[in-house]
Amino acid sequence: MFKPPELPPYVEQVFDIVDLIPPGRVMAYGDIAEVIGSGGPRQVGTAMAKYGGAVTWWRVIRADGGFLAGHEREALEHYREEETPLRADGSRVDMARARWSPADGPE
5 MFKPPELPPY VEQVFDIVDL IPPGRVMAYG DIAEVIGSGG PRQVGTAMAK YGGAVTWWRV
65 IRADGGFLAG HEREALEHYR EEETPLRADG SRVDMARARW SPADGPE
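Counting in our numbering, the sequence shown runs from 5 upward without gaps.
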């Protein structure tokens with residue numbers, strides 16, 4: 005029987021937070037590190053890049069609202085489907101309206 009490998013504890017913490025982000029909302033890499041209380045945007049980004057294919061990766065973005073390089077088209081499809089607020093030109097997520105924190109509670 006196939007058993008997936010265990011994830012490093014930090015990655016598990018990242019994914020626990022990613023799983024809480026409601027549809028149509030996003031968190032920046034640094035936001036997640038801040039909630040965890042360790043690491044930083046790069047550590048969260050590394051966790052997402054190495055292990056994040058099975059989670060809602062499009063809900064974790066750069067603090068400037070920019071789409072994940074190389075995945076812009078797929079991310080934009082998710083944002084439109086989830087009605088994530090975008091800037092008027094559609095080039096970035098509108099962080100002022102879309103940013104979410106666990107302190108905000110469930111949507």
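C-beta: ideal position from N, C-alpha, C; glycine also.
- For Gly34, the uninterrupted alpha helix (DSSP H) run begins and ends at Tyr33 to Ile40, by DSSP.
- Counting of Cβ neighbours within 10 angstroms places Ala37 among the buried residues, the total reaching 16 or more.
- The segment 22 to 32 makes contact with the segment 53 to 68: 3 or more CB pairs, one atom from each, lie closer than 8 Å.
- Cβ atoms of Pro45 and Gly57 stay farther apart than 8 Å, at about 19 Å.
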